[in-house]
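Residue 244 in this note's numbering sits at position 19 of the sequence shown; the count goes up by one each step and never skips. Below: the structure, in C-alpha coordinates.
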Amino acid sequence: PLGSMGYIDLANITSLENGKLLITGNVSADATRYVDTSLVVMRLNADGSPDPTFNNGAGKVVNNPAGNTYESVVGTAILDDGRILVAASSSDTRGNETSVDDPQHIAFARYLPNGTPDASFGINGIVIGGNSHARPTSMVVQADGKILVVATDVNSAPGYYKFMLFRFNSDGTPDKSFGVDGALVTDFASPTYVKSAYGMKIAVQADGKIVAIGAAPPEKNDPRLQEGFAVVRYNQDGTLDKTFSGDGKFS
226 PLGSMGYIDL ANITSLENGK LLITGNVSAD ATRYVDTSLV VMRLNADGSP DPTFNNGAGK
286 VVNNPAGNTY ESVVGTAILD DGRILVAASS SDTRGNETSV DDPQHIAFAR YLPNGTPDAS
346 FGINGIVIGG NSHARPTSMV VQADGKILVV ATDVNSAPGY YKFMLFRFNS DGTPDKSFGV
406 DGALVTDFAS PTYVKSAYGM KIAVQADGKI VAIGAAPPEK NDPRLQEGFA VVRYNQDGTL
466 DKTFSGDGKF S
(Lines of atoms letter the chains of each structure in order from A and count residues from 1; the text may use other names and numbers.)
(Lines give C-alpha, C1' and ligand atoms only; values in the text may rest on other atoms or scores of the structure.)
Protein backbone atom coordinates (compact mmCIF):
# COMPACT_ATOMS: atom_id res chain seq x y z
CA PRO A 1 0.00 0.00 0.00
CA LEU A 2 2.98 2.33 0.17
CA GLY A 3 3.48 2.23 -3.56
CA SER A 4 6.84 3.42 -4.85
CA MET A 5 7.95 5.38 -1.80
CA GLY A 6 11.52 5.15 -0.50
CA TYR A 7 12.97 3.70 2.68
CA ILE A 8 10.39 2.43 5.14
CA ASP A 9 10.97 1.96 8.86
CA LEU A 10 7.92 0.44 10.56
CA ALA A 11 7.72 1.07 14.30
CA ASN A 12 4.45 -0.27 15.73
CA ILE A 13 1.74 -2.76 14.87
CA THR A 14 -1.61 -3.02 16.66
CA SER A 15 -4.14 -5.80 16.22
CA LEU A 16 -7.63 -4.30 16.21
CA GLU A 17 -10.75 -5.97 17.58
CA ASN A 18 -12.15 -6.55 14.10
CA GLY A 19 -9.02 -8.42 13.02
CA LYS A 20 -7.59 -5.52 11.06
CA LEU A 21 -4.02 -4.35 11.62
CA LEU A 22 -2.87 -0.79 12.24
CA ILE A 23 0.77 -0.17 11.33
CA THR A 24 2.75 3.03 11.96
CA GLY A 25 6.26 4.04 11.08
CA ASN A 26 8.38 6.36 8.98
CA VAL A 27 8.87 6.61 5.26
CA SER A 28 11.46 8.48 3.20
CA ALA A 29 10.57 10.37 0.06
CA ASP A 30 13.97 9.44 -1.42
CA ALA A 31 14.42 5.83 -2.52
CA THR A 32 18.22 6.06 -2.18
CA ARG A 33 18.63 7.80 1.20
CA TYR A 34 16.88 7.87 4.57
CA VAL A 35 16.12 11.60 4.50
CA ASP A 36 13.02 13.80 4.54
CA THR A 37 11.08 11.23 6.50
CA SER A 38 7.37 11.46 7.23
CA LEU A 39 4.97 9.52 9.41
CA VAL A 40 2.96 6.75 7.82
CA VAL A 41 -0.17 5.12 9.26
CA MET A 42 -1.60 2.11 7.42
CA ARG A 43 -4.58 -0.10 8.09
CA LEU A 44 -4.76 -3.57 6.62
CA ASN A 45 -7.63 -5.99 6.46
CA ALA A 46 -7.28 -9.35 8.19
CA ASP A 47 -6.07 -10.88 4.90
CA GLY A 48 -3.29 -8.29 4.55
CA SER A 49 -4.91 -6.20 1.85
CA PRO A 50 -5.13 -2.40 2.21
CA ASP A 51 -8.29 -1.28 3.99
CA PRO A 52 -10.25 0.80 1.44
CA THR A 53 -12.32 2.39 4.24
CA PHE A 54 -9.21 4.05 5.70
CA ASN A 55 -8.41 7.66 4.69
CA ASN A 56 -10.92 7.92 1.87
CA GLY A 57 -9.84 4.74 0.11
CA ALA A 58 -6.08 5.28 0.32
CA GLY A 59 -5.54 2.64 3.02
CA LYS A 60 -2.83 4.83 4.46
CA VAL A 61 -2.02 8.39 5.49
CA VAL A 62 1.41 10.01 5.17
CA ASN A 63 2.26 13.36 6.73
CA ASN A 64 5.04 15.38 8.29
CA PRO A 65 3.53 16.97 11.44
CA ALA A 66 6.29 19.44 12.28
CA GLY A 67 7.50 20.03 8.74
CA ASN A 68 11.02 18.97 9.73
CA THR A 69 13.56 16.82 7.91
CA TYR A 70 13.25 13.81 10.21
CA GLU A 71 10.07 12.50 11.77
CA SER A 72 10.39 9.25 13.70
CA VAL A 73 7.48 7.41 15.36
CA VAL A 74 8.00 6.75 19.08
CA GLY A 75 4.51 5.57 20.06
CA THR A 76 1.02 4.73 18.85
CA ALA A 77 -2.18 4.44 20.84
CA ILE A 78 -5.76 3.53 19.97
CA LEU A 79 -7.95 5.71 22.18
CA ASP A 80 -11.16 4.53 23.81
CA ASP A 81 -13.28 6.13 21.10
CA GLY A 82 -11.25 4.53 18.31
CA ARG A 83 -9.21 7.61 17.42
CA ILE A 84 -5.55 7.05 16.63
CA LEU A 85 -2.77 8.97 18.37
CA VAL A 86 0.78 8.88 17.03
CA ALA A 87 3.77 10.48 18.77
CA ALA A 88 7.01 11.23 16.97
CA SER A 89 10.45 12.69 17.48
CA SER A 90 10.96 15.60 15.14
CA SER A 91 14.29 17.13 14.15
CA ASP A 92 15.87 19.14 11.37
CA THR A 93 19.22 17.36 11.70
CA ARG A 94 19.52 13.61 12.01
CA GLY A 95 21.77 12.17 14.70
CA ASN A 96 23.19 15.44 16.09
CA GLU A 97 21.66 14.91 19.51
CA THR A 98 24.01 17.04 21.61
CA SER A 99 23.81 20.33 19.77
CA VAL A 100 21.47 23.05 21.00
CA ASP A 101 21.20 24.02 17.33
CA ASP A 102 19.43 20.71 16.64
CA PRO A 103 15.87 21.14 17.93
CA GLN A 104 14.21 17.94 19.08
CA HIS A 105 10.46 18.28 19.43
CA ILE A 106 7.57 16.00 20.29
CA ALA A 107 5.06 15.88 17.47
CA PHE A 108 1.57 14.41 17.87
CA ALA A 109 -0.78 13.47 15.07
CA ARG A 110 -4.33 12.35 15.85
CA TYR A 111 -6.66 10.73 13.38
CA LEU A 112 -10.31 9.79 13.37
CA PRO A 113 -11.07 6.05 13.21
CA ASN A 114 -11.46 6.36 9.42
CA GLY A 115 -7.88 7.68 9.06
CA THR A 116 -8.66 11.32 8.32
CA PRO A 117 -7.06 14.05 10.49
CA ASP A 118 -8.87 14.86 13.71
CA ALA A 119 -9.59 18.56 13.29
CA SER A 120 -10.58 18.87 16.97
CA PHE A 121 -6.98 18.16 18.01
CA GLY A 122 -4.49 21.03 17.71
CA ILE A 123 -4.29 22.44 14.20
CA ASN A 124 -5.82 20.00 11.72
CA GLY A 125 -4.93 17.07 13.97
CA ILE A 126 -1.34 18.16 14.74
CA VAL A 127 0.25 19.32 18.01
CA ILE A 128 3.94 20.19 18.48
CA GLY A 129 5.07 19.99 22.11
CA GLY A 130 8.02 19.40 24.39
CA ASN A 131 11.04 21.65 24.18
CA SER A 132 14.11 22.09 22.02
CA HIS A 133 16.39 19.79 24.02
CA ALA A 134 14.25 16.70 24.53
CA ARG A 135 14.63 13.59 22.39
CA PRO A 136 11.41 11.58 22.87
CA THR A 137 11.55 7.79 22.75
CA SER A 138 8.25 6.35 24.03
CA MET A 139 4.62 7.29 24.67
CA VAL A 140 1.75 5.87 26.70
CA VAL A 141 -1.78 7.14 27.32
CA GLN A 142 -3.12 7.07 30.88
CA ALA A 143 -6.59 5.78 31.77
CA ASP A 144 -7.79 9.40 32.13
CA GLY A 145 -6.64 10.24 28.59
CA LYS A 146 -3.53 12.20 29.56
CA ILE A 147 -0.44 11.50 27.46
CA LEU A 148 2.95 10.58 28.92
CA VAL A 149 6.15 10.81 26.89
CA VAL A 150 9.59 9.77 28.12
CA ALA A 151 12.60 11.47 26.57
CA THR A 152 16.29 12.20 27.06
CA ASP A 153 17.51 15.68 27.99
CA VAL A 154 20.31 16.29 25.48
CA ASN A 155 21.02 19.88 26.51
CA SER A 156 23.34 19.01 29.41
CA ALA A 157 27.13 18.96 29.30
CA PRO A 158 28.47 16.71 26.51
CA GLY A 159 28.17 13.07 27.52
CA TYR A 160 25.86 13.84 30.46
CA TYR A 161 22.21 13.23 29.73
CA LYS A 162 19.13 12.92 31.94
CA PHE A 163 15.68 11.34 31.92
CA MET A 164 12.87 13.69 30.91
CA LEU A 165 9.18 13.03 31.37
CA PHE A 166 6.35 15.04 29.84
CA ARG A 167 2.65 14.87 30.48
CA PHE A 168 0.06 16.38 28.18
CA ASN A 169 -3.66 16.77 28.56
CA SER A 170 -5.82 14.79 26.16
CA ASP A 171 -6.02 17.84 23.86
CA GLY A 172 -2.21 17.96 23.56
CA THR A 173 -1.64 20.95 25.84
CA PRO A 174 0.98 20.60 28.62
CA ASP A 175 -0.41 19.34 31.93
CA LYS A 176 0.79 22.15 34.17
CA SER A 177 -0.07 20.18 37.31
CA PHE A 178 2.82 17.85 36.45
CA GLY A 179 6.43 18.90 37.14
CA VAL A 180 7.19 22.36 35.78
CA ASP A 181 4.78 23.28 33.00
CA GLY A 182 4.17 19.59 32.28
CA ALA A 183 7.80 18.44 32.28
CA LEU A 184 10.30 17.07 34.76
CA VAL A 185 13.95 15.99 34.69
CA THR A 186 15.46 13.10 36.68
CA ASP A 187 19.18 13.09 37.36
CA PHE A 188 21.00 9.81 38.07
CA ALA A 189 24.27 11.41 39.18
CA SER A 190 25.77 10.22 42.47
CA PRO A 191 27.98 12.24 44.87
CA THR A 192 31.06 10.63 43.35
CA TYR A 193 30.09 10.06 39.73
CA VAL A 194 28.33 12.03 37.02
CA LYS A 195 26.08 9.45 35.40
CA SER A 196 24.16 9.90 32.19
CA ALA A 197 20.79 8.24 31.74
CA TYR A 198 18.83 7.82 28.55
CA GLY A 199 15.04 7.49 28.84
CA MET A 200 13.75 4.72 26.59
CA LYS A 201 10.40 3.19 27.62
CA ILE A 202 7.48 4.11 29.85
CA ALA A 203 4.56 2.29 31.45
CA VAL A 204 1.72 3.08 33.83
CA GLN A 205 0.98 0.62 36.63
CA ALA A 206 -2.54 -0.41 37.66
CA ASP A 207 -2.28 1.94 40.67
CA GLY A 208 -1.42 4.89 38.40
CA LYS A 209 2.27 5.06 39.28
CA ILE A 210 4.58 5.73 36.35
CA VAL A 211 7.65 3.63 35.56
CA ALA A 212 10.34 4.73 33.12
CA ILE A 213 13.34 2.66 32.09
CA GLY A 214 16.43 3.43 30.09
CA ALA A 215 20.16 3.01 29.73
CA ALA A 216 22.89 4.28 32.04
CA PRO A 217 26.64 3.58 31.93
CA PRO A 218 28.02 1.88 35.05
CA GLU A 219 30.04 3.84 37.56
CA LYS A 220 32.81 1.28 37.50
CA ASN A 221 35.33 1.96 34.75
CA ASP A 222 35.36 -1.58 33.39
CA PRO A 223 35.57 -2.12 29.61
CA ARG A 224 33.42 -5.23 29.99
CA LEU A 225 30.58 -3.10 31.31
CA GLN A 226 29.66 -0.99 28.33
CA GLU A 227 26.24 0.07 29.53
CA GLY A 228 23.91 -0.52 32.44
CA PHE A 229 20.26 0.26 32.96
CA ALA A 230 18.19 2.78 34.88
CA VAL A 231 14.70 2.52 36.34
CA VAL A 232 12.68 5.28 37.98
CA ARG A 233 9.20 5.21 39.46
CA TYR A 234 7.05 8.28 39.93
CA ASN A 235 3.88 8.93 41.83
CA GLN A 236 0.89 10.05 39.80
CA ASP A 237 1.81 13.70 40.34
CA GLY A 238 5.34 13.20 38.99
CA THR A 239 7.17 13.18 42.31
CA LEU A 240 9.66 10.37 42.87
CA ASP A 241 8.15 7.32 44.57
CA LYS A 242 10.50 6.85 47.51
CA THR A 243 8.99 3.47 48.33
CA PHE A 244 10.90 2.25 45.27
CA SER A 245 14.62 1.62 45.88
CA GLY A 246 14.71 4.20 48.68
CA ASP A 247 14.69 7.29 46.47
CA GLY A 248 12.57 6.26 43.50
CA LYS A 249 15.56 5.43 41.28
CA PHE A 250 17.64 2.35 40.57
CA SER A 251 20.64 2.03 38.27
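Where a beta carbon is used, it is the ideal one built from N, C-alpha and C, also for glycine.
Status (buried if at least 16 other CB within 10 Å, exposed otherwise) for residue i
i, result
"T464", "exposed"
"N243", "exposed"
"V405", "exposed"
"S345", "exposed"
"F388", "buried"
"I238", "exposed"
"T262", "buried"
"I427", "buried"
"N339", "exposed"
Pairwise C-alpha distance: residue j and residue i
i, j, result
"S297", "L264", "7 angstroms"
"G282", "P275", "9 angstroms"
"A441", "F393", "26 angstroms"
"S240", "I303", "10 angstroms"
"G347", "Q430", "28 angstroms"
"R308", "N349", "14 angstroms"
"L409", "S402", "11 angstroms"
"L369", "S253", "Reading off the sequence, residue 369 comes out as Asp, not Leu. One C-alpha to the other measures close to 35 angstroms."
Residue from the options whose Cα sits closest to the Cα of residue i
i, options, result
"S315", "V299, F388, G407", "V299"
"H330", "T377, L304, D234", "T377"
"L390", "F469, F413, I435, V287", "I435"
"T362", "A408, Y423, S345", "Y423"
"V365", "L246, G433, N349", "G433"
"F454", "A437, S253, A254", "A437"
"I353", "G340, V374, R360, F333", "F333"
"F279", "A254, L310, T301, L247", "L247"
Beta-bridge pairing of residue i - partner residues as DSSP gives them
i, result
"F391", "V374, A408"
"N288", "L264"
(request) Give, in chain order, every unbroken run of the beta strand (DSSP E) that is at least 3 residues long and sits entirely within the segment 324-375. (result) Segments of the beta strand (DSSP E) lying fully in the segment 324-375: 329-336, 351-354, 359-366.
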